[in-house]
Amino acid sequence: MAERIEAWWARRQFSRGLDVPYEVGTYRDAWASYPMLVRQYHPDLNAGIVLSQIPPAADVLLLWQCEAGHLFVATPSEQRSRPEGRRRRSAWCPECTSGARPGRGAPAAPMRAGRLAAPGAGAPGAEGVRAGAEGAPAWAEAVPAGAEGAPSGVRVDAPRGDGTRSAGSGEPVRAGRPMSPGVAPRRAGRARRTARPLCKKTPELPAGEPFVSACAPKPASAAEARVRAALFARLCVTPGMNAVRVNRPFFGHLEVWPDFLLPELRVAVEYDTVGRHGLEHVGPREETDRRKDRLLREAGWEVVRLRTGKLRPLGPHDLQLPTVGRGGIDRLVDELRSIRGPLMVDAYLV
């Protein structure tokens with residue numbers, strides 16, 4: 001069960017036998033690919049403990065503050081998975097998300113240290129959290145029922161059987177938002193959704209065959225276009241392919257759409273950045289990337305991901321690069337040599 005950060009830290013001190021169970025910087029690399037969360041986390045709101053001292057998988061309740069000033073409680077896992085399918089900066093905050101989607105449920109009550117503010121109240125600022133006697137945040141008086149050690153500064157009760165939590169008002173909330181009146185809570189025994197029908201536009205080709213797909217998303221990034229031009233200026237391979245036939249469905253299609261395909265080498269190259277708002281290729285989207293890579297490898301392809309913006313490698317051939325310039329293309333060519341051999345790769349060099 002998730003516990004407040006003071007209780008979690010004390011327990012880790014006891015179990016590890018150290019005054020500082022995790023040194024500052026221990027988990028810096030793990031959090032580096034979430035720049036928005038680094039900006040939302042403030043040690044003064046969390047007993048003076050730095051984010052790089054907290055394992056991303058820790059079951060601890062942390063107090064976050066978005067750029068608009070909203071305070072809300074979430075575990076590291078909950079916060080890292082928050083963007084889901086949305087591509088807006090507001091996706092990192094339940095209050096901002098609720099305000100960006102009017103008409104989809106009652107507005108969330110802004111969370112403040114010491115009480116749950118009434119809906120419609122202004123967004124709390126940092127002054128909503130007071131320093132305690134020893135410099136730790138002075139959480140409010142109310143302690144949530146059933147959630148041992150949860151921070152009382154933001155009232156978050158124990159999870160219900162239907163997967164919701166109740167906030168101080170007594171109404172069920174999911175992901176930090178009260179549920180709409182009349183909406184039945186999700187039950188464990190409810191029938192699962194039917195499978196998405198497969199797209200009929202995918203041609204009947206053997207698995208692993210590249211082709212030009214009408215369903216592939218159009219490239220929208222100028223940086224991706226520059227990398228594409230630099231890559232195909234270096235390698236004389238068949239351009240224009242944008243999809244690979246696979247054996248298992250991927251979002252309703254029997255095809256996947258890598259950023260760049262090198263058909264003669266049977267290598268797919270992906271260009272990964274966190275995007276403008278730090279939403280791309282993190283959280284649930286990272287698992288989507290892993291699934292996509294597995295499908296490609298099952299079809300006989302290898303994958304090289306050019307990972308920028310502190311994104312960590314996902315596969316054995318992924319490259320971490322600050323930017324993808326001439327040096328990045330050189331490193332990619334070297335990695336292609338290690339995959340397919342110098343004799344084969346050098347035959348396609350311009």
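Counting along the sequence shown from 1, when you hit position 203 you're at 203 in full-length UniProt numbering, and nothing is skipped either side. Here a beta-carbon is modelled for each residue, glycine too, at the ideal position from N, C-alpha and C. Computed from a predicted model, the values in this text were never measured in an experiment.
| Item | Value |
| --- | --- |
| R234 - containing alpha helix (DSSP H), residue span | A222 to R234 |
| Three-way DSSP call (helix, strand, coil) for residue 370 in this model | As shown, the chain starts at 1 and ends at 350. That puts residue 370 outside it, with no answer to give. |
| S221 versus D272: straight-line alpha-carbon distance, rounded | 11 Å |
| Contact set for R28: own chain, Cβ-Cβ below 8 Å, skip 5 residues either direction | S52 |
| Alpha carbon of T75 to alpha carbon of L62, nearest angstrom | 6 Å |
| Rounded straight-line distance, which links the Cα of L296 to that of M344 | 20 Å |
| Bridge-paired residues (DSSP) for E3 | V60 |
| Reduced DSSP category for D29 - H, G, I as helix; E, B as strand; rest coil | helix |
| Buried or exposed (CB count within 10 angstroms, at least 16 for buried), K292 | buried |
| Limits of the alpha helix (DSSP H) - the one that R80 falls within | P76 to R80 |
| Host beta strand (DSSP E) of L254 (start-end) | H253 to V256 |
| Distance cut-off 7 Å: Y348 Cβ against heavy atoms of the ligand FMN | Only the bare structure without any ligand can be found here, which leaves the ligand FMN out of the picture. |
| Coarse secondary structure for A47, derived from DSSP in three states | coil |
| Under the three-state DSSP convention, the category L349 falls into | strand |
| Proximity winner among P239, D346, C236 and P263, relative to A299 (alpha-carbon distances) | P263 |
| As assigned by DSSP and simplified to three states, the class of L295 | helix |
| Endpoints, beta strand (DSSP E) assigned at R245 | A243 to F250 |
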